[in-house]
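Protein chains in written order, with this note's numbering: chain P, 108 to 432; chain A, 51 to 331.
This report refers to the structure that appears directly beneath it.
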Ligand SMILES: Cc1ncc(C[n+]2csc(CCOP(=O)(O)OP(=O)(O)O)c2C)c(N)n1
Ligand SMILES: [Mg+2]
C-alpha cells in the first residue's frame, strides 16, 4: 500500500495494465520522452520501449483514428490528448467511428480504446486548458465517460476502462493531479464503470458532484453539518452510463438536491441529472433542484478564474436556498 | 529584436514569481523571424494570424509591451482585458490562438475576404514545424492555392514540437510539403533578420500582384525551453546554437558595437518603464 498522488496512481495503472497485457500501449503528443504534460506516462518509454509508448506528431484526429484501427484489430490503445480542449479536433473520429463501430458491425467489432485527457480548471491556465465539456462526450451513444475524483478511484477506474470492450473517454481533473495523496492498494481493485459512490451519508440534503468539484462539495457538507444539516454527498464517477438508481434513492430519502459542476450551466451535465431525478423521484422532492455551475461563458484566465468556478460558499448558499424552500 | 528578448526574459521572471497564469512560450532565439517578416507587412491593412509562440509577432506588429505583459498577468488593462492570456491575443489585424493549426484556414479566409473587397491586403499565418502534423494545415493550403488566396504561410522551423524532434514526427522533407499544392516555397535562415525581411518583402509583393499564396520556410532555433518547464535537449547543442545562431548577435555584428549598445540601452529602458508602471520587476 503506497500513498500516491493521482498522477502517480494513473501512472501505476498504466504500468500494471501494460505489464499484464502486451496488447496495451500508450500513444500521444510527448507521452514518451517527456512522460506527458502532467507526467502521467513517465517511465513507460524506458520500461516498455518506443513501440508501446509512442510519441506522435501533433495530430489529434489521427491519434484517435489510429487508436480505433488498432483497437478493432486486437490492441488496447490508451491515447492521451494533452488537454481536453484539443480533443475537438478528434471529434469526428471519436463520434463518427469509435462510438459507432460496435453498433454498425452489430457487435462484431468494437473500439476498445481509452482516450485520456486532463480537463477542468483550477490550474491558472487559459481557455482550452481549463474547460469542462463533459457533455460533448456524454451525449454520444456508444461512448463511456468517467471522471475520477482522487488517486485511489483514478487507478481503479483506469484499469477498468482499459479492460472495457467499449471506447471510454477518461477525464482527469487536472487540478487533482498533485492536490493530495491517498493510499492505493497494491492489488488490483475491481471497480465497475457506470457506478457512482456515496462519499458521505446524510438524510437532509443530497449533494451530487464529480471530479475536482467533489472537494468543495465535501467541504460544503462539513460546513452544513456544523449548522446541523446532514448532507449526503454522491460522487458520480461515471457520467455515461449514469447511475441514476443511487441518485434517485438518495433524492427520495432527502427530498432536496443540489448538483455541483464546473461545466457551463446551459445544457450542462446537471440538466441530465435533474431530468433523471424528475423521472424517478419527482413525487418525493420537497424543493426545486438547484445547480451550482460554471457560467455560460468561456473559462476566464487565472486572475478571474475563481469567480467562474463553484466554491464552498456558493454551494452552501445554494444548499440553504434548497433547505428553506 | 532586443526589445522582444527583454520582454520574453521579463515574462519568464514574472512567471517564476507567480505573477502569471497559464504558461508562456517565449520566442527567444527566433526574434529574427518575427521582426524580419512583420517589418515587411503593410500594417495598415495586412492581417497576421500568429500562434502560441506569438509575443514576438505581436511586439513586432504594434510594440505594445504594456498591453502584452498586463494581459499575461491577467489584468483588466491587458490588451484583451486579461481574459485571453498569452495565446489568445487580438488587436487590430493581429490574432493568436492556442489550438495548433487552427489559425491557418482562418487566415486564408481573411485573405479571401480582403481580395473580395479588393483592398490588396495580404494575410499571414505563422506556424511551427510541429503543426504540420495537423490536417487543417493541408486543407487550408489546398484551398489557398486552389482559390489563389493572398496568403503568406510563415513556417518557423525550430526542429521541435515540445519535447519531440521533428525527425520523429514528420516523414519526408517538411520544407517541400506545400509544393504539391503549387505553392512556391522559399527557405531562409531565420537568424538573419535582414535576409528574412528581404525575402518576405519580395513574397508579399508577389502575393499582392495576384500570384497566389507563398510559403516562407524559416530555419530557426528556440533557445529557451518549450514553455517554462524542462528542456530535454542536448546541452552542448544548445550552447552551440546560442553561440552561432543568435539573430541579435548577428545583427550586432552588422550594425557595429556602438549602435548596438544604443539600441540595447533604449530597449532596456523601455521595458523597465513598463515593468515599473505595472509595479513589477
Ligand atoms: C491542437 C493542439 N494540440 C496540442 C497542443 C499543445 N502544444 C502546444 S505547442 C505544441 C508544440 C508545437 O510545436 P511547433 O508547431 O513546432 O511550434 P513550436 O512550439 O516549436 O514553436 C503543442 C503540442 C495545442 N496547443 N494544440
Ligand atoms: Mg517547432
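C-beta: ideal position from N, C-alpha, C; glycine also.
Only a predicted model underlies this, so the values are computations on that prediction, with no experimental measurement involved.
For residue 184 of chain P, the residue or residues it bridges with in DSSP: Residue pairing of residue 184 of chain P in beta bridges, as defined by DSSP: P:132.
Closest residue to residue 136 of chain P among P:142, P:162, P:146, P:430 (Cα-Cα distance): Scanning P:142, P:162, P:146, P:430 for the CA closest to the CA of residue 136 of chain P turns up P:162.
Element boundaries [alpha helix (DSSP H), containing residue 414 of chain P]: 412-415 is the extent of the alpha helix (DSSP H) around residue 414 of chain P.
Residue 269 of chain A Cβ short of 7 Å to ligand 1 heavy atom set: For residue 269 of chain A, the shortest separation between its Cβ and any heavy atom of ligand 1 does not lie below 7 Å.
C-beta contact flag for residue 164 of chain P and residue 150 of chain A at 8 Å: Contact check for residue 164 of chain P against residue 150 of chain A fails: the beta carbons are separated by 8 Å or more.
Status (buried if at least 16 other CB within 10 Å, exposed otherwise) for residue 196 of chain A: Taking all protein chains shown into account, residue 196 of chain A has fewer than 16 neighbouring C-beta atoms within 10 Å of its C-beta and is therefore exposed.
Nearest-angstrom Cα separation, counted from residue 70 of chain A out to residue 87 of chain A: Residue 87 of chain A and residue 70 of chain A have their C-alpha atoms spaced approximately 29 Å apart.
Run of the beta strand (DSSP E) containing residue 162 of chain P, from where it starts to where it stops: 160-162 is the extent of the beta strand (DSSP E) around residue 162 of chain P.
Alpha carbon of residue 113 of chain A to alpha carbon of residue 317 of chain A, nearest angstrom: Using only the alpha carbons, I get a separation of about 11 Å.
Check: residue 101 of chain A C-beta below 7 Å from any heavy atom of ligand 2: Not one heavy atom of ligand 2 is found less than 7 Å from the C-beta of residue 101 of chain A.
Chain-ordered chain P contacts of residue 218 of chain A [CB-CB under 7 Å]: Near residue 218 of chain A (Cβ distances below 7 Å), the residues of chain P are 162.
Cα-Cα separation, residue 170 of chain A to residue 241 of chain A: Each residue's alpha carbon lies about 29 Å from the other.
Span of the alpha helix (DSSP H), counted from its first residue to its last, around residue 286 of chain A: Run containing residue 286 of chain A: 285-294, per the alpha helix (DSSP H) assignment.
6 Å Cβ shell around residue 275 of chain P - same chain, five flanking residues per side excluded: For residue 275 of chain P, where only same-chain residues beyond five positions count, the Cβ hits under 6 Å are 221, 251, 268.
Ligand 2 site residues, beta-carbon cut 6 Å against heavy atoms: Of all residues, those with a beta-carbon under 6 Å from at least one heavy atom of ligand 2 are A:178, A:179, A:180, A:208, A:210, A:211, reported in chain order.
DSSP-derived helix/strand/coil call for residue 88 of chain A: DSSP places residue 88 of chain A in helix when its eight states are reduced to three.
Under 8 Å by beta carbon: chain A residues contacting residue 136 of chain P: Ordered by position in chain A, the residues that pass the 8 Å Cβ test against residue 136 of chain P are 211, 212, 214.
Buried or exposed by the 16-neighbour rule on C-beta atoms within 10 Å, applied to residue 108 of chain P: Looking at its Cβ environment, which holds fewer than 16 other Cβ atoms inside 10 Å, residue 108 of chain P is exposed.
Contact test: residue 427 of chain P Cβ vs ligand 1 heavy atom, cutoff 7 Å: Not under cutoff, so the answer is no.
Secondary structure of residue 53 of chain A, DSSP reduced to three states: Judged by DSSP in its simplified three-state form, residue 53 of chain A adopts helix.
Min CB distance residue 133 of chain A to chain P below 8 Å: Closer than 8 Å to some Cβ of chain P, the Cβ of residue 133 of chain A qualifies, so yes.
First through last residue of the alpha helix (DSSP H) which encompasses residue 298 of chain P: Per DSSP, residue 298 of chain P belongs to no alpha helix (DSSP H) and is neither H nor E.
Residue from P:400, P:205, P:202 whose Cα sits closest to the Cα of residue 320 of chain P: Nearest option by C-alpha distance: P:400.
Residue 342 of chain P: first and last residue of the uninterrupted beta strand (DSSP E) it sits in: Under the DSSP assignment, residue 342 of chain P falls in the beta strand (DSSP E) whose first and last residues are 338-342.
Residue 283 of chain A Cβ short of 7 Å to ligand 1 heavy atom set: Outside the cutoff, so no.
For residue 302 of chain P and residue 157 of chain A, the rounded distance between their alpha carbons: So the alpha carbons of these two residues sit roughly 46 Å apart.
Sub-8 Å separation of residue 354 of chain A and residue 172 of chain A beta-carbons: This structure cannot settle anything about residue 354 of chain A, because the visible part of chain A is limited to 51 through 331.
Beta-carbon proximity list for residue 212 of chain A, same chain, < 8 Å, skipping 5 on both sides: Excluding positions up to five away in sequence, the list reads 180, 276.
Proximity below 8 Å, CB of residue 234 of chain P to CB of residue 192 of chain P: Contact flag set, yes.
Contact test: residue 276 of chain A Cβ vs ligand 1 heavy atom, cutoff 7 Å: Relative to ligand 1, residue 276 of chain A has its C-beta within less than 7 Å of a heavy atom.
Any non-hydrogen atom of ligand 1 closer than 7 Å to residue 193 of chain P Cβ: Residue 193 of chain P: yes, Cβ under 7 Å from ligand 1.
Neighbour list for residue 125 of chain A in chain P, Cβ cutoff strictly below 8 Å: Result: 410.
Any non-hydrogen atom of ligand 1 within 7 Å of residue 209 of chain P CB: It does not: the Cβ of residue 209 of chain P is nowhere closer than 7 Å to a heavy atom of ligand 1.
Cutoff 8 Å: residue 150 of chain A Cβ touching any chain P Cβ: Chain P, which has a Cβ nearer than 8 Å to the Cβ of residue 150 of chain A, makes this yes.
Cβ-heavy atom distance, residue 433 of chain P to ligand 1, below 7 Å: This structure gives no information on residue 433 of chain P, because the portion of chain P shown stretches from 108 to 432.
Interface partners of residue 166 of chain P on chain A, CB under 8 Å: By Cβ distance, chain A contributes 183, 184, 185.
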